[in-house]
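> What follows is a single structure, and I will ask about it in a moment.
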Amino acid sequence: MNKLELSVAVGNYDRVRPLIDGEVQIDGVNPVFMLHDPEEIFFRAFRHADFDITELSLSSYTVKTAAGSCPYIGVPVFPSRAFRHTSIYIRTDRGIETPADLRGKRIGVPEYQLTANVWARLFLEEDHGLKPSDVTWLRGGYEEPGRVEKINLNLPEGVRVENIPEGETLSGMLASGELDAVMGPRAPSCFVKGHPHVGYLYRNPQQAASDWYRRTGIFPIMHLLGIRKTLVERHPWLPFSVYKAFEQSKAKALAKLSDTSATKVTLPFVEDQLQAARRLMGEDFWSYGFASNRHTLERFLEQHHAEGLSQRLVEPEELFHPATLESFKI
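Everything in the sequence shown is counted per full-length UniProt numbering, starting at 1 for the first residue and increasing by one.
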C-alpha cells in the first residue's frame, strides 16, 4: 500500500521536531510539513481548509464544531498550552493595582474570541469578579492595522466590542495611553521595548499562574490538532495513527529536554525549570490524550458558551474522533 502524502501545518515546536526530522513516523503517511506561525495556519485552515492535518485554535474550532460547520475533526494532541496570567498588559499610570480595577477600562484585543482571551476572561471573572460586560473591548492588530475577527460572533447583550480606528494598532494605542490595557497571546512591542508606563497586570504572573493551577488543576490548552474530515471518512485508521505519532514525538522531545549533560535548549538553569514544573504539575506536565484533559476542556467549553462564542454547549467528546478517546495499554 502506498503511503498517503498529506500536508501537515504546525508550529516549529520542540515537541514536533522528531516528526519533522523523521525520527518518528506517522503510520501510513508520508507527511509534507509546513511550518508557519499560528495566525497564518488558522487563517488558512478556517477560511480555506488548506491543510490535511493542521494545528487549530481551540476557540475557533469550538465555534465551528458548535455550528456543525468545521471541515476538521480533532485528535487530543495539544501542540500549544500556556498559562495566560502573562497575557494582560496595562498602563501602570491608571491606578490599576488589582485585576478588579480593570472595571470600566478600555482593553485592546487582537480578536475577542482568541483562545488565550477566553482563558484570561475565565480567571478574571472567577477570581476577581470582572465580567466581560464590565469593560469596553477594542479590537485590532498588535503591530499592523486591519486585523479582523476570523469567526463571526454573536455576543451577549451588554458586551461591547468595537474596532480601533483605521490605521491604528493596539501597541501604539497602549503606548499613547488611548487604551488602558491589552490582552492577547503576544506581548505588544511597547512592552517588549520597556515603555515606562506599560507593565504586567499581575506583577508576578508566574506566581499567580502557579497558585491558580494549585487551586484548579488546569493547564490551559490553546491549540489542538485537526484532520480533514473527508480524509478520515476514507481512512478511519488515520486519527489514531496521527495521535500515536505526535505522542511519540513529544516523548522524544521531553527526553532530550531532560538530558542536561549538554543542554538542548538555549536557556540557562533549564533543569531548575523542569524540576519546578514537575513539582507543581507532575511528571506528565504537558499531557496529550482525552481522559487526562477532560476537566480542562470541559471548563473551557463552559466558559466559551457562557460568553456567547459557541451557539450551544459542546461536550468534550464532540471535539475528537471517537478512535482517539481511548488508548491501548501494553
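Each residue gets a CB set at the ideal place from its N, CA and C atoms; glycine is no exception.
Considering only residues of the segment 143-199, which uninterrupted alpha helix (DSSP H) runs meet the minimum length of 4 residues and lie entirely inside it, listed in chain order?
If we require 4 residues or more, the alpha helix (DSSP H) runs fully inside the segment 143-199 come out as 170-176 and 189-192.
> Terminal residues of the continuous alpha helix (DSSP H) containing residue 276?
In the sequence shown, the residue the question calls residue 276 occupies position 276. Taken as a continuous stretch (DSSP letters only), the alpha helix (DSSP H) holding residue 276 covers 270-281.
> DSSP state of residue 203, grouped into three classes?
Here the question's residue 203 lines up with position 203 in the sequence shown. If DSSP states are grouped into helix, strand and coil, residue 203 belongs with coil.
> Can we say the segment 121-141 touches the segment 223-234, given the rule of at least three CB pairs closer than 8 angstroms?
Flag = no, the segment 121-141 and the segment 223-234 do not touch.
> Is the segment 295-305 close to the segment 51-69, with three or more CB pairs under 8 angstroms?
Contact holds: three or more Cβ-Cβ distances are below 8 angstroms.
> What residue does the beta strand (DSSP E) around residue 31 start on, and which one ends it?
For this step, residue 31 is matched to residue 31 along the sequence shown. Here the beta strand (DSSP E) through residue 31 covers 29-35.
> Expressed to the nearest angstrom, what Euclidean distance is found between the alpha-carbon atoms of residue 143 and residue 150?
Translated into the one-based positions of the sequence shown, residue 143 becomes position 143. Translated into the one-based positions of the sequence shown, residue 150 becomes position 150. When rounded, the distance between both Cα atoms is 17 angstroms.
> If you draw a straight line from the alpha carbon of residue 45 to that of residue 183, how long is it in whole angstroms?
Here residue 45 is taken as the residue at index 45 of the sequence shown, counted from 1. Here residue 183 is taken as the residue at index 183 of the sequence shown, counted from 1. Distance between the alpha carbons of residue 45 and residue 183 is about 24 angstroms.
> Based on the DSSP secondary-structure assignment, which residues constitute the bridge partners of residue 108?
Residue 108 sits at position 108 when you count from the first residue of the sequence shown. In DSSP, residue 108 forms a bridge with 138 and 182.
> Can you name the start and end residues of the beta strand (DSSP E) that residue 9 belongs to?
One-based indexing of the sequence shown puts residue 9 at position 9. First-last of the beta strand (DSSP E) with residue 9: 4-10.
> Do residue 280 and residue 189 have their beta-carbon atoms positioned less than 8 angstroms apart in this structure?
Mapped onto the sequence shown, residue 189 falls at position 189. Mapped onto the sequence shown, residue 280 falls at position 280. No, they are not a contact pair.
> I believe residue 73 touches residue 179 by the beta-carbon criterion, under 8 angstroms. Please report the beta-carbon distance rounded to the nearest angstrom.
Mapped onto the sequence shown, residue 73 falls at position 73. Mapped onto the sequence shown, residue 179 falls at position 179. The pair is not a contact, with the Cβ atoms about 38 angstroms apart (cut-off 8 angstroms).
> State the start and end residues of the unbroken alpha helix (DSSP H) segment that holds residue 232.
If you number the sequence shown from 1, residue 232 lands on position 232. Where residue 232 is concerned, the enclosing alpha helix (DSSP H) stretches over 229-234.
> Suppose you measure from the CA of residue 37 to the CA of residue 115; what does that come to, to the nearest Å?
As a first step, residue 37 must be located in the sequence shown, where it is residue number 37. As a first step, residue 115 must be located in the sequence shown, where it is residue number 115. About 15 angstroms.
> Taking the alpha-carbon positions, what's the residue 316 to residue 66 distance?
Along the sequence shown, read from residue 1 onward, the residue named residue 316 stands at position 316. Along the sequence shown, read from residue 1 onward, the residue named residue 66 stands at position 66. Roughly 11 angstroms between the two C-alpha positions.
> Hey, residue 76 and residue 240: beta-carbon distance below 8 angstroms or not?
Numbered from its first residue, the sequence shown carries residue 76 at position 76. Numbered from its first residue, the sequence shown carries residue 240 at position 240. No, the Cβ-Cβ distance between residue 76 and residue 240 is not below 8 angstroms.
> What are the boundary residues of the alpha helix (DSSP H) that residue 62 is part of?
On the sequence shown, residue 62 is found 62 positions in, with the first residue counted as 1. Unbroken alpha helix (DSSP H) run through residue 62: 58-67.
> Quick one: grab the DSSP three-state call for residue 13.
For this step, residue 13 is matched to residue 13 along the sequence shown. Of the three classes helix, strand and coil, the one that applies to residue 13 here is coil, per DSSP.
> Residue range of the alpha helix (DSSP H) that residue 41 falls in?
By 1-based counting over the sequence shown, the position of residue 41 is 41. That run of the alpha helix (DSSP H) goes 38-48.
> Mind checking whether residue 140 and residue 169 have CB atoms under 8 angstroms apart?
Walking along the sequence shown from the start, residue 140 turns up at place 140. Walking along the sequence shown from the start, residue 169 turns up at place 169. Their beta carbons are under 8 angstroms apart, which means residue 140 touches residue 169 by this criterion.
> Is it true that the CB of residue 309 sits closer than 8 angstroms to the CB of residue 25?
Counting from 1 along the sequence shown, the entry for residue 25 is found at position 25. Counting from 1 along the sequence shown, the entry for residue 309 is found at position 309. Taking 8 angstroms as the Cβ cut-off, residue 25 and residue 309 do not qualify as a contacting pair.
> Give a yes or no on whether the C-beta atoms belonging to residue 84 and residue 220 are separated by under 8 angstroms.
Here residue 84 refers to the residue found at position 84 of the sequence shown. Here residue 220 refers to the residue found at position 220 of the sequence shown. It is a contact, given that the beta carbons lie within the stated cut-off.
> Which one of 8, 92 and 18 has the shortest CA to CA distance from residue 56?
The residue labelled residue 56 in the question sits at position 56 within the sequence shown. Nearest C-alpha to residue 56: 8.
> So residue 91 packs on residue 177, CB below 8 angstroms; how close in whole Å?
Numbered from 1 along the sequence shown, position 91 holds the residue referred to as residue 91. Numbered from 1 along the sequence shown, position 177 holds the residue referred to as residue 177. At roughly 6 angstroms, the Cβ-Cβ gap stays under 8 angstroms, so residue 91 and residue 177 are in contact.
> Closest to residue 324 by C-alpha separation, out of 296, 314, 292 and 298, would be which residue?
Position 324 of the sequence shown, counting from 1, holds the residue named residue 324. Among 296, 314, 292 and 298, the Cα nearest to that of residue 324 belongs to 292.
> By DSSP, does residue 128 sit in helix, in strand, or in coil?
As a first step, residue 128 must be located in the sequence shown, where it is residue number 128. Correct three-state label for residue 128: helix.
> Alpha carbon to alpha carbon, how far is residue 17 from residue 253?
Locating residue 17 in the sequence shown gives position 17, where the first residue counts as 1. Locating residue 253 in the sequence shown gives position 253, where the first residue counts as 1. C-alpha separation (whole angstroms): 8 angstroms.
> Look at residue 160 and residue 136 and say whether their C-beta atoms are less than 8 angstroms apart.
Residue 160 sits at position 160 when you count from the first residue of the sequence shown. Residue 136 sits at position 136 when you count from the first residue of the sequence shown. Cβ distance < 8 angstroms, so residue 160 and residue 136 count as in contact.
> Where does residue 23 fall in DSSP's three states?
Along the sequence shown, one-based indexing puts residue 23 at 23. The answer is coil: DSSP assigns residue 23 none of H, G, I, E or B.
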